[in-house]
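Contents: one structure, followed by commentary.
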DNA sequence: GTACCGGTACTCGGATATAGTATGTCCGAGTATGCGTGG
DNA sequence: CCACGCATACTCGGACATACTATATCCGAGTACCGGTAC
């Protein structure tokens, strides 16, 4: 059940990219250096976010990453699903239909209660993540951090 | 992020044990046979639930498992935590304090927003699981299943 | 002087090793039973 | 006949292999730039 640490990296990177001036691209090594992360491994997560349509990437000189949409339209759930995958964490194996105490297909027309409860918990978790956007995360950063980024990022981006 | 399949096994076993007549113990092989599960591996999860105080186990002849408490006082969260562990799925590594863009300890007096959001989602998930008890899961089983269990279980338990 | 072309340097993307955890299995510790024995 | 002690069979508990996924890294595909060259 442990959550990948890549989620933390992805969210912080998304927050940082949200603070880059419009039109600016930020290179992979700049992102990695800003947070002290291994660039080679970070690339995997950035790649996943790009595939999921959260980031937009450009190759070649003057290339780099930027958000694919506005920070207001990107939720934390988008980032988590981009990295962890959209598959449900719980997959019912219908063990109620197996073994000596197996239920008949008739009795299984309704979804297994265990599966239902787990799905509800999953949905509650997703709803919580969906309710917060990247823009809101950035807005709640300390003022000093935002101002420092506003000063440093134009130099790192291009 | 994938959830262990042992959770499904544990919940179904807890539901079944809740239907055993009071005072009756159910052996491990009976549980495994009822659901068609590998007995050797199931023992690991039953062991975890016993350690967590969800189940009570008795060794020797006439031994077996029973619920440690009433089905009304055992929540699905209890079972999930017993098997998956109580550790939070997300652990903040404070990458905001690392790298060239590191924030000062002053700016980090407040908890990292990323960590906060993830904790809220985790708490939402737990609250959802906590709101459903084993007794309620059993109550929502099809009548035919409950009656069949009421007939079969006294033979399997002792 | 200008437009075209080729080479070059730089960026991201996917294929490739390694480590840690979930999965699956086995044998040993502990216990109530049942029998044999002695009083 | 009764009580005690011992051997036994049966149960769960934890130590031991294996498979899969997350972690970590590297090199190749693609692109924009820059300089040289021909007109």
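Chains as they are written, first to last, in the working numbering: chain V, 3 to 160; chain S, 3 to 160. The C-beta atom is built at its ideal place from N, Cα and C for all residues, glycine as well.
Asked                                                                                                                                                                                        : Found
Taking the straight line between their C-alpha atoms, what separation do you get for residue 112 of chain S and residue 58 of chain S?                                                       : 43 Å
Measure the alpha-carbon distance for residue 21 of chain V versus residue 67 of chain V and round it to whole angstroms.                                                                    : 13 Å
Give a yes or no on whether the minimum CB-CB distance between residue 122 of chain V and chain S is below 7 Å.                                                                              : yes
Out of S:19, S:86, S:9, S:95, point me to the one whose CA is closest to residue 158 of chain S's CA.                                                                                        : S:19
Is the shortest distance between the beta-carbon of residue 142 of chain V and the beta-carbons of chain S less than 7 Å?                                                                    : yes
Assess, as a yes-or-no matter, whether the stretch 138-155 of chain V is touched by the stretch 122-133 of chain S under the definition of 3 or more beta carbon pairs within less than 8 Å. : no
Counting only Cβ pairs nearer than 7 Å, list the residues of chain V close to residue 4 of chain S.                                                                                          : 91
Would you identify the three-state DSSP class for residue 55 of chain V, choosing helix, strand or coil?                                                                                     : coil
Which runs of the alpha helix (DSSP H) at least 4 residues long sit entirely within the stretch 83-147 of chain S? Give them in chain order.                                                 : 115-132, 136-141
Kindly indicate which residue of V:53, V:12, V:55, V:25 has the alpha-carbon position closest to the one of residue 34 of chain V.                                                           : V:12
How many Å lie between residue 65 of chain S and residue 9 of chain V at the Cα?                                                                                                             : 46 Å
Could you name the residues that DSSP lists as bridge partners for residue 48 of chain V?                                                                                                    : None; residue 48 of chain V has no bridge partner.
If residue 167 of chain V and residue 115 of chain S are in contact, beta carbons under 8 Å, what's the gap, nearest whole angstrom?                                                         : Limits of chain V in this structure are 3 at one end and 160 at the other, which puts residue 167 of chain V out of reach.
Assuming contact is defined by CB atoms lying nearer than 7 Å, are residue 32 of chain V and residue 56 of chain V in contact in what I supplied?                                            : no
Taking CB distances under 7 Å as the criterion, tell me whether residue 109 of chain S reaches chain V.                                                                                      : yes
Could you tell me whether the Cβ atoms of residue 144 of chain V and residue 109 of chain S are closer together than 7 Å?                                                                    : yes
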